[in-house]
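The opening residue of the sequence shown carries number 430 in our numbering; numbering runs sequentially from there.
Even for Gly, the Cβ is constructed at its ideal location relative to N, Cα and C.
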Amino acid sequence: MVALFVVLTFILFIAIDFFVLKSQGKQHPAFMSAHVFDRSSIFFPADAMLAKGHMWLKQLKDGFVRLGIDEFILKATGPFTLSTLKKEGEQVQKGEPLMVAQFGKHSVTFRSPVNGTIGNINKNLVGKKVTDPYDTDWAVSFRPIDGVNQLFSNMKSGKKATEILKDEFNRFKDFLSFHSGEPELAGVTMADGGNIVEGVLNNFNDETVSDFEKKFLDIE
């Protein structure tokens, strides 16, 4: 009888909280559905080139190129902060650590896909979470040593780039299935229909996140 009273009291408080938040135009976390993504939700801008390591590049004036992180990473990690490891005017070598994305208690490192000189760093990202990766939340601009045409010669754009990211979705599903053996992870990685819950990497340990970095952010 006491247990039933406790349960009913708990439900009553949840209901009261729900209606209070509803009157304020908000939603109670207990009634919120998780955001998910699938192959069809993968997007890549038509005016960008897809580099290895889940980075995009856009040509600017005067031989400079703008670089940022693609949307696939944002969906896998959830909103993240991005720190650049180089200063404006510094040289960067292909394969050298260039940026660090911090999400929750985890972080991953992005390595430069090219040799070049850093031009501008997006200072608007300081203390801000990346939510618009293809536009306002770009990371750095740089001048490639070998020129833009040579840089873009081995990269993909348009439908080919989108298909690569869709294939990455399938590979990510396999990655999650392999690493989701722990009982506490049941139901937190996949939603109904095989969709992936956005920000799913936050549910895993550092070892799994490190493995994600090796398998998905490699530029070779």
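Closer than 7 Å by C-beta to residue i: which residues in its own chain qualify, once you throw out the five before and the five after it? Chain order, please.
i: T637; result: H608
i: Q488; result: V494, V577
i: F633; result: H608
Counting C-beta neighbours from all protein chains within 10 Å, is the total for residue i 16 or more, i.e. buried, or is it exposed?
i: G556; result: exposed
i: S570; result: buried
i: F472; result: exposed
i: P542; result: buried
i: P526; result: exposed
i: E519; result: exposed
i: L441; result: With a pLDDT of 48 at L441, under the threshold of 50, the predicted position of this residue should be treated as unreliable, though the coordinate-derived value follows. It is exposed - the Cβ of L441 has fewer than 16 other Cβ atoms within 10 Å.
i: D596; result: exposed
Go through its chain and collect everything with a Cβ distance to residue i's Cβ below 6 Å, but skip five positions before and after it.
i: Y563; result: P474
i: I574; result: N544, G545
i: F581; result: M478
Hey, residue i and residue j: beta-carbon distance below 8 Å or not?
i: E627; j: K504; result: yes
i: F532; j: T565; result: no
i: K552; j: P508; result: no
i: M584; j: L486; result: yes
What distance in whole Å lies between the Cβ atoms of residue j and residue i, which are believed to be in contact at a cut-off of 8 Å?
i: D635; j: H535; result: 7 Å
i: I625; j: F601; result: 7 Å
i: N544; j: E517; result: About 17 Å separates the two Cβ atoms, so there is no contact after all.
i: L479; j: S586; result: 7 Å
i: G492; j: R572; result: 5 Å
i: K644; j: F604; result: 7 Å
Skipping 5 residues on each side, what residues in its chain have a beta carbon closer than 8 Å to that of residue i?
i: V529; result: L511, S512, L514, S536, V537, T538, F539
i: Q522; result: S541, N544
i: I593; result: L479, K585
i: K490; result: none
i: A477; result: W485, L486, K487, Y563, S586, A590
i: G524; result: R540, S541, I648, E649
For the region 463–479 against the region 498–506, do three or more pairs of beta-carbon atoms, one drawn from each stretch, fall closer than 8 Å, so that the two count as touching? Yes, since at least three Cβ pairs between the region 463–479 and the region 498–506 fall closer than 8 Å, the two stretches touch.
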